[in-house]
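What follows is one structure encoded as structure tokens, with my remarks underneath.
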Amino acid sequence: MDTREISAYAARLVAYCLDARSVWLIEHGLLLFADERTLERLRKTDDLRCAGIDVLVVIDGDRFENVWGPCKLSGSLARWAWQQVSPEEAYYDESRWADANGQAGRVVRVRRKARLLWRASEALAA
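Note that the sequence shown covers residues 31 to 156 in the working numbering.
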């Protein structure tokens, strides 16, 4: 998917998730800042599921979980060393196997860039 298609998909998510505060484009999908209720609501709909895009919902300002997928994925922005450096840009660390299949047993941390796609207006977010 190109950036335009991903932005259109993010707009569909935001239209469905009225409590969303922001949506960020990350290396492997979208990071949606919302709450636990939004996460559960998204999990009940298959209409917004999009193959090839992982959607992670930040539920309390730090912890996140994936919405769909065969395996439950969860994590923490603190463990990712999430750092917002401007209103529209952030950086985070991602852990990866040093080799493609993880046979060597070594993990490396890769610094990634995130880009803001959408943010709720201050009047709506309050």
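Ideal Cβ positions, reconstructed from N, Cα and C, are used throughout, including at glycine.
Unbroken alpha helix (DSSP H) run spanning residue i, endpoints
i	result
residue 42	33–46
residue 72	66–73
Per-residue DSSP class, three states only, for residue i
i	result
residue 61	strand
residue 155	At residue 155 the pLDDT is 48, less than 50, meaning the model places this residue with poor confidence; the figure from the coordinates comes in the next sentence. It is helical.
residue 143	strand
Cβ-Cβ distance between residue i and residue j below 9 Å
i	j	result
residue 53	residue 72	no
residue 139	residue 149	no
residue 68	residue 87	yes
residue 96	residue 106	no
Residue i - containing beta strand (DSSP E), residue span
i	result
residue 124	119–127
Chain D within 9 Å of residue i, Cβ atoms only
i	result
residue 113	Structure shown: chain D not included; a single protein chain is present.
Can you find at least 3 beta carbon pairs, one from the region 115–131 and one from the region 89–104, that sit closer than 8 Å? no
Report yes or no: do three or more beta-carbon pairs, one from the region 38–52 and one from the region 123–138, lie closer than 8 Å? no
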